[in-house]
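Asks: If you read the sequence shown in the numbering used here, its first letter stands for residue 917, the second for the next number, and so on. Even for Gly, the Cβ is constructed at its ideal location relative to N, Cα and C.
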Amino acid sequence: MRLDKKLADALNITRSEAKAAIKQKAVCVNGRVITAADFACSDSDSITLNGQAVNTQTFVYIMMNKPQGVISASDGKGEPTVLDLLPDAMRRKGLFPAGRLDKDTTGFMLITNDGVFAHNLLSPSKHVDKTYLATLDKPVDDRVIADFENGMELNGERLLQASLRPLNTEQTVVEVVLRQGLYHQVKRMFLKHGITVTALRRTAIGQLPLDPALREGDSRYLTAAELQAITA
Ligand code: URA
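(1) Where does Leu-1119 sit, in a helix, a strand or coil, going by DSSP?
(2) Hey, would you say Asn-1029 sits closer than 8 Å to Val-970, going by beta carbons?
(3) Rounded to the nearest angstrom, how far is the Cβ of Glu-1065 from that of Ala-1078, given a contact under 8 Å?
(4) From what residue to what residue does the alpha helix (DSSP H) around Leu-923 run?
(5) Cα separation between Ile-950 and Arg-918?
(6) Does the distance from the C-beta atom of Gly-1122 to that of Asp-1063 stay below 8 Å?
(7) With a cut-off of 8 Å on the beta carbons, I'd call Ala-936 and Asn-966 a contact; round off their distance for me.
(8) According to DSSP, is Phe-1012 part of a helix, a strand, or is it coil?
(9) Please name the residue in Val-1093, Ile-1061 and Pro-1003 whose C-alpha comes closest to that of His-1043.
(10) Report buried or exposed for Asp-920, applying the criterion of at least 16 other Cβ atoms within 10 angstroms of its Cβ.
(11) Which value, in whole angstroms, describes the spacing of the CA atoms of Gln-984 and Pro-1055?
(12) Can you tell me which of the three DSSP states Ala-969 falls into?
(13) What distance in whole Å lies between the Cβ atoms of Gly-992 and Arg-1118, which are believed to be in contact at a cut-off of 8 Å?
(14) DSSP on Ile-1111, reduced to helix/strand/coil?
Spelled out as structure tokens, the structure:
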């Protein structure tokens, strides 16, 4: 791909802005100043702008620790979205949140521009587990656990088997693992048993846990190994 297009895509700037930066000798490819806007780059080239590394991968995968109160959609219809929280250096055209978390749910949100990856992540047939930590207003009992684990019927629909594991002696803090992502699924599964979820946090996608060092609202790129752990 041409250098000006690659820069424009990566930095969410116009082609003319990219060309201007190249002309000003601000852009290096593999350590060498390049002044030709049509210089041919490959995905493995390392590009810097004013000495700062630019992520020019065609596809990017971002882990965000979503805080409460933001919408996990590309258009929040006037409300702040997870995309609004991304730092400038990570913004680029075509990014979207892969899957939804409710406005009041916190935790692991994956943001990408790779539609095929997102489709695979969300498709129930691909069986990518999503793990949640839920705080409940009442304890679960063996009957509730069995209903989750057998694949419960919810509003006339048979759900895929899920796992439910109490984490405290009161049985009010639980880990739930789902293989599908229906609207308000965790909350509705508990409500069927008269239990309200008072706090919900996604703690892992596939085999990849949310980075505990990532503060709420912060984001970082996934490494290649982490990306593999998601779909492993
Ligand atoms: N289930 C829910 O009820 N809400 C979420 O945000 C995610 C899963």
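Replies: Taking the coordinates as given:
(1) Within the sequence shown, residue 1119 is the residue found at index 203, counting from 1. Position check: residue 1119 holds Thr in this sequence, whereas Leu was assumed. Reduced to three states, the DSSP call for Thr-1119 is strand.
(2) What you label residue 1029 is simply residue 113 of the sequence shown in a count that begins at 1. What you label residue 970 is simply residue 54 of the sequence shown in a count that begins at 1. Cβ atoms of Asn-1029 and Val-970: not closer than 8 Å.
(3) Numbered from 1 along the sequence shown, position 149 holds the residue referred to as residue 1065. Numbered from 1 along the sequence shown, position 162 holds the residue referred to as residue 1078. Rounded to the nearest angstrom, the Cβ distance from Glu-1065 to Ala-1078 is 7 Å, consistent with a contact under 8 Å.
(4) The residue given as residue 923 occupies position 7 in the sequence shown. Segment 919-927, the alpha helix (DSSP H) holding Leu-923.
(5) Numbered from 1 along the sequence shown, position 34 holds the residue referred to as residue 950. Numbered from 1 along the sequence shown, position 2 holds the residue referred to as residue 918. When rounded, the distance between both Cα atoms is 12 Å.
(6) By 1-based counting over the sequence shown, the position of residue 1122 is 206. By 1-based counting over the sequence shown, the position of residue 1063 is 147. Gly-1122 is not a Cβ neighbour of Asp-1063, given a cutoff of 8 Å.
(7) The residue you call residue 936 lines up with position 20 of the sequence shown. The residue you call residue 966 lines up with position 50 of the sequence shown. No, Ala-936 and Asn-966 are not in contact; Cβ-Cβ is about 13 Å, not under 8 Å.
(8) Here residue 1012 corresponds to residue number 96 of the sequence shown, with the count starting at 1. Reduced to three states, the DSSP call for Phe-1012 is strand.
(9) Taking the sequence shown and counting its residues from 1, one reaches residue 1043 at position 127. The option with the nearest alpha carbon to His-1043 is Val-1093.
(10) Position 4 of the sequence shown, counting from 1, holds the residue named residue 920. It is buried - the Cβ of Asp-920 has at least 16 other Cβ atoms within 10 Å.
(11) Counted from its first residue, the sequence shown places residue 984 at position 68. Counted from its first residue, the sequence shown places residue 1055 at position 139. Whole-angstrom Cα-Cα distance: 24 Å.
(12) On the sequence shown, position 53 is the one that residue 969 refers to. Three-state DSSP puts Ala-969 in a strand.
(13) Within the sequence shown, the letter at position 202 stands for residue 1118. Within the sequence shown, the letter at position 76 stands for residue 992. At roughly 19 Å, the Cβ-Cβ gap does not stay under 8 Å, so Arg-1118 and Gly-992 are not in contact.
(14) Residue 1111 sits at position 195 when you count from the first residue of the sequence shown. Three-state DSSP puts Ile-1111 in coil, outside helix and strand.
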